[in-house]
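Below is one structure, written out as structure tokens, with a few remarks after it.
Protein chains: 2
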Amino acid sequence: MSARPENIVGANAERSRSHNRQVVLGRVRAAGQVGRAEIARASGLSTQAVSNIIADLLDQGMIVEQGRRAAARGQPPVQYALNPAGGYAFGVEIRPDAVFAALLDFAGRTVFSERRSLASSDRGTVTATVLALKAEALAAADVPGARVLGAGIVMPGPFGATGIRGSGSELTAWEDTDPFTWFSDALGMPVFVENDANAAAMAERVSGAAAGMESYAFIYFGAGLGLGVVSGGRLMTGAFGNAGEIGHIPVPCGGETVALESAVSRLSAQRHLATAGIDAPRLETLAELCETGDRALRAWLDRAVEPLTAAITIVENLLDPQAVILGGAMPDTVLDHLIGAVALPDRSVANRTDRTHPRLIRGASGRMTATLGAAALVINLACTPKIAVAH
Amino acid sequence: MSARPENIVGANAERSRSHNRQVVLGRVRAAGQVGRAEIARASGLSTQAVSNIIADLLDQGMIVEQGRRAAARGQPPVQYALNPAGGYAFGVEIRPDAVFAALLDFAGRTVFSERRSLASSDRGTVTATVLALKAEALAAADVPGARVLGAGIVMPGPFGATGIRGSGSELTAWEDTDPFTWFSDALGMPVFVENDANAAAMAERVSGAAAGMESYAFIYFGAGLGLGVVSGGRLMTGAFGNAGEIGHIPVPCGGETVALESAVSRLSAQRHLATAGIDAPRLETLAELCETGDRALRAWLDRAVEPLTAAITIVENLLDPQAVILGGAMPDTVLDHLIGAVALPDRSVANRTDRTHPRLIRGASGRMTATLGAAALVINLACTPKIAVAH
DNA sequence: TTGTTCCATCAAGTAAGTTGAGTTAATCGG
DNA sequence: CCGATTAACTCAACTTACTTGATGGAACAA
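Taken in order, these protein sequences are the chains called W and H. Here our numbering is used: the first residue of the first sequence is 1, the next is one more, and so on. Here our numbering is used: the first residue of the second sequence is 1, the next is one more, and so on.
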């Protein structure tokens with residue numbers, strides 16, 4: 001959720017300017033490297049307008065010249081690319097027991113990442129920790145504060161007073177706080193607040209499996225299971241900011257109907273392993289068990305395939321994404337095993353002849369996925385205008 | 001699907017102008033009646049800009065003055081409202097055996113509606129029928145052609161070569177035709193192509209249960225079952241235009257897992273009734289059976305509740321809409337019965353204390369729902385800019 | 001009555017993109 | 001090798017649509 005109600009506003013010169021700069025940045029990012037004339041053609045702006053904007057962006061250091069690239073006839077266009085050092089994004093993930101932080105450069109590369117345990121999850125402690133991590137990140141990566149475009153904050157959803165409570169991951173001390181206002185004030189920069197799945201989904205777009213995709217779905221393994229939906233380059237957050245609660249949908253599992261995350265999630269794997277006497281609190285343990293072909297883990301995997309297949313089928317049919325991406329706090333090996341085992345039905349709108357991507361892809365994995373995603377929110381928004389106009 | 005790839009384009013004076021006119025129209029429609037100053041505040045434009053735009057829209061006859069409304073202190077603002085006769089939208093629904101057409105005024109009221117049987121569903125016959133219906137509609141409602149803002153075309157999805165084939169509702173003769181180009185040429189006006197569920201969803205926004213809602217989901221009873229998702233006032237069509245194929249998702253039904261529309265759809269009801277020796281080809285028959293408390297229909301309804309509940313739970317959790325609306329080609333009584341019987345789980349992100357709408361609502365019903373929706377696409381787009389900017 | 005408040009208009013000002021002519025730098029073809 | 005062709009790019013007016021600031025008008029309140 002953006003934590004601010006979106007309102008449709010009118011256009012004026014100032015807003016057009018900012019919009020057009022974002023459009024140009026977005027094209028540069030999408031192409032990796034482009035000339036002005038091509039940007040003009042793609043964006044429907046005049047070459048002159050693009051020239052002016054490019055000059056501005058060069059001035060600000062957001063992009064860099066890459067020399068001429070001879071293509072066909074005519075004068076070869078000067079190429080431009082994003083300047084990795086042109087802007088940085090600070091990402092923070094707040095959990096009840098710890099704060100994770102990361103700093104990404106404009107190209108989506110991680111230049112700093114850190115975990116800090118929390119003695120308490122009250123607002124004072126968390127805020128102090130976040131501010132300390134920010135200072136540390138800027139110092140470690142030698143980045144001037146003015147170069148930081150904004151901060152993404154990941155907090156456990158769902159947002160607002162909903163029927164889902166007591167899952168243990170909530171920050172009860174934060175219930176009456178609007179995190180958007182709070183962190184805007186504390187950090188003194190633009191702030192974006194999302195849940196872990198949404199943020200992780202964005203990470204794939206900025207530097208990952210969803211590079212170049214405009215519409216996709218990301219299934220996120222956290223403690224439970226989340227879904228981030230990107231449509232037209234923007235997150236679909238729902239009316240109250242809680243879209244993507246895929247963990248609670250009913251799916252078939254061994255003849256009965258269960259909530260998806262009771263069968264497919266790290267917590268469910270750990271519970272299953274515990275019944276076999278195996279304690280696997282950490283990802284590394286799971287990775288080991290997977291590599292050694294542990295029977296208990298294998299049993300859990302086998303059992304997870306049916307509900308996961310159902311969930312992906314549902315996502316494909318409801319959202320018609322370019323691809324479904326599986327990622328999050330799970331070992332690559334586990335994700336790969338699941339992807340290999342899921343047999344998607346041929347009888348689906350997703351079974352197209354003109355696909356450009358596989359239907360199911362593995363995305364970024366590991367504990368930091370959501371944190372990197374928090375920062376990715378900022379980078380994505382710097383390159384994505386709020387407008388999508390039919391061309 | 002919009003049938004044209006959406007591309008992010010830059011802003012210029014011309015596009016800003018058209019955008020701002022849409023913003024103003026959208027505010028007038030949303031409010032029913034507003035003054036200029038209020039529009040200016042809501043849209044972030046200057047009062048002068050709003051004044052100019054209002055003058056333009058008055059000139060064009062899109063809006064009408066409604067006199068002053070004294071509110072608080074100060075000079076009472078002159079109120080404006082949409083002029084119902086300011087614009088019309090032509091809606092067409094093409095089925096293998098018939099063409100439905102409707103003409104809506106700018107306020108969303110039906111001024112003409114008609115069904116025409118098709119001897120053949122080839123392009124020539126269909127196109128001639130559509131053109132004849134258009135002429136008839138304009139003549140019957142005494143609407144000058146220039147007042148028609150565009151045409152919405154509803155055709156059976158899914159679009160493109162997908163794994164879903166042979167459902168019998170396809171127009172095989174149209175497979176190699178781009179309906180957007182085809183009807184743009186034939187009708188000589190802006191054209192929008194969508195599937196039935198998406199169009200019907202839009203109808204609710206223009207004149208129905210979703211008035212004033214920005215994000216909602218519409219479950220559409222056609223022959224099968226479809227889903228239209230509106231997010232931020234715009235249809236979510238997915239990467240290939242086939243989002244909302246809810247009929248094919250797996251749901252629990254009496255201990256087994258089935259495809260939703262095999263248990264919840266008109267076709268499934270008719271099949272069930274047929275096993276009891278009842279032939280109910282028409283909606284009226286179903287309505288009668290429902291009113292007389294027919295045992296076979298009741299059995300079907302009882303059986304449909306579980307899978308429908310699961311589907312709605314899935315939709316609520318994945319999309320977090322303001323409400324889920326049930327509508328389409330089913331009798332009101334049947335829909336009402338289903339709505340009454342569905343018990344949604346309290347443990348859901350949709351169970352909020354700050355809801356403004358019930359979680360489940362009945363929408364428009366009857367055979368014409370999708371046809372009216374086709375026209376509604378046009379009206380909605382006339383009042384909805386492609387921009388949504390955080391305010 | 002007089003002050004306050006808010007709506008609305010006028011006239012000038014401004015920002016940003018567009019237009020069209022002209023320049024530069026490649027490839028193509030004889 | 002050289003002119004024709006093609007395409008990228010620049011310069012300097014031009015245009016458009018919104019903004020600003022001053023002024024007038026209509027209702028309410030004290």
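Where a beta carbon is used, it is the ideal one built from N, C-alpha and C, also for glycine. Please read all numbers here as calculations on a predicted model, not as lab measurements.
- Straight-line measurement puts the Cα of Y220(H) at about 26 Å from the Cα of A276(H).
- Around G224(W), the same chain offers G247, E261 and S265 as residues with beta carbons nearer than 6 Å, after the five sequence neighbours per side are excluded.
- The stretch 190-206 of chain H and the stretch 144-153 of chain H touch, with no fewer than 3 CB-CB distances between them shorter than 8 Å.
- Assigned with DSSP and collapsed to three states, L377(W) falls in helix.
- In the DSSP assignment, C253(H) is bridged to E256(H).
- Annotation: A374(W) to G67(W) spans about 33 Å, alpha carbon to alpha carbon.
- For the stretch 253-266 of chain W, the set of residues with a beta-carbon nearer than 7 Å to any beta-carbon of chain H comprises T257, in chain order.
- With fewer than 16 other Cβ atoms inside 10 Å of its own Cβ, T356(W) counts as exposed.
- At a cut-off of 8 Å between beta carbons, L318(H) contacts chain W.
- When rounded, the separation of the alpha-carbon atoms in G244(H) and A203(W) is 26 Å.
- Inside the stretch 275-324 of chain H, DSSP marks whole alpha helix (DSSP H) runs of 4 or more residues at positions 283-291 and 295-319, from first to last along the chain.
- Residues of chain W whose Cβ lies closer than 8 Å to the Cβ of E38(H) do not exist, since the nearest Cβ in that chain is about 13 Å away.
- With a threshold of 8 Å between beta carbons, R352(W) makes contact with chain H.
- Listed along the chain, the chain W residues whose CB falls inside 9 Å of the CB of N12(H) are S16, N20, G44, L45, S46 and A49.
- Against chain W, the beta carbon of P321(H) has neighbours under 7 Å at G238 and A239, listed in chain order.
- Proximity of chain H to L227(W) at the Cβ level (cut-off 7 Å) is accounted for by L318, in chain order.
- Scanning the stretch 2-69 of chain W for uninterrupted alpha helix (DSSP H) segments of 4 residues or longer gives 13-31, 36-43 and 47-60, listed from N- to C-terminal end.
- Partner residues in the beta bridge of F192(W), as assigned by DSSP, are G152(W).
- Relative to R109(W), the option among S120(W), R41(W), N83(W) and S117(W) whose CA is nearest is N83(W).
- Around the beta carbon of P252(H), 16 or more other beta carbons sit within 10 angstroms, so the residue counts as buried.
- Taking CB atoms only, E194(H) has no neighbour in chain W less than 8 Å away.
- When the alpha-carbon of G226(W) is set against those of L57(W), A343(W), G327(W) and D294(W), the nearest one is in G327(W).
- Buried is the label assigned to R352(H), since at least 16 other Cβ atoms lie within 10 Å of its Cβ.
- Cβ atoms of F240(H) and F159(H) come within 8 Å of each other, at about 7 Å.
- Taking 9 Å as the Cβ-Cβ cut-off, the stretch 191-216 of chain W approaches chain H at M213, E214, S215 and Y216, given in chain order.
- Taking 8 Å as the cut-off, the Cβ atoms of F106(H) and G87(H) count as close.
- Annotation: Cβ neighbours of P385(H) in chain W (cutoff 8 Å, chain order): I8.
- Where D105(H) is concerned, there is no enclosing alpha helix (DSSP H), although the beta strand (DSSP E) around it starts and stops at A98 to D105.
- DSSP, reduced to helix, strand and coil, places F218(W) within a strand of the structure shown.
- The beta carbons of P331(H) and V258(H) sit no closer together than 8 Å.
- Among the residues facing chain W, T371(H) is not included, as its CB has no counterpart in that chain under 8 Å away.
- In the structure shown, V349(H) adopts coil according to DSSP, grouped into three states.
- Between the C-alpha atoms of A37(W) and R69(W) there is a straight-line separation of about 13 Å.
- Contact annotation for G26(W) against chain H: I8 [CB-CB distance below 8 Å, chain order].
- Distance from the Cα of A211(H) is smallest, within the candidate group R362(H), A329(H), P345(H) and S46(H), for R362(H).
- Nearest C-alpha to I249(H) among R17(H), T313(H), D196(H) and R73(H): T313(H).
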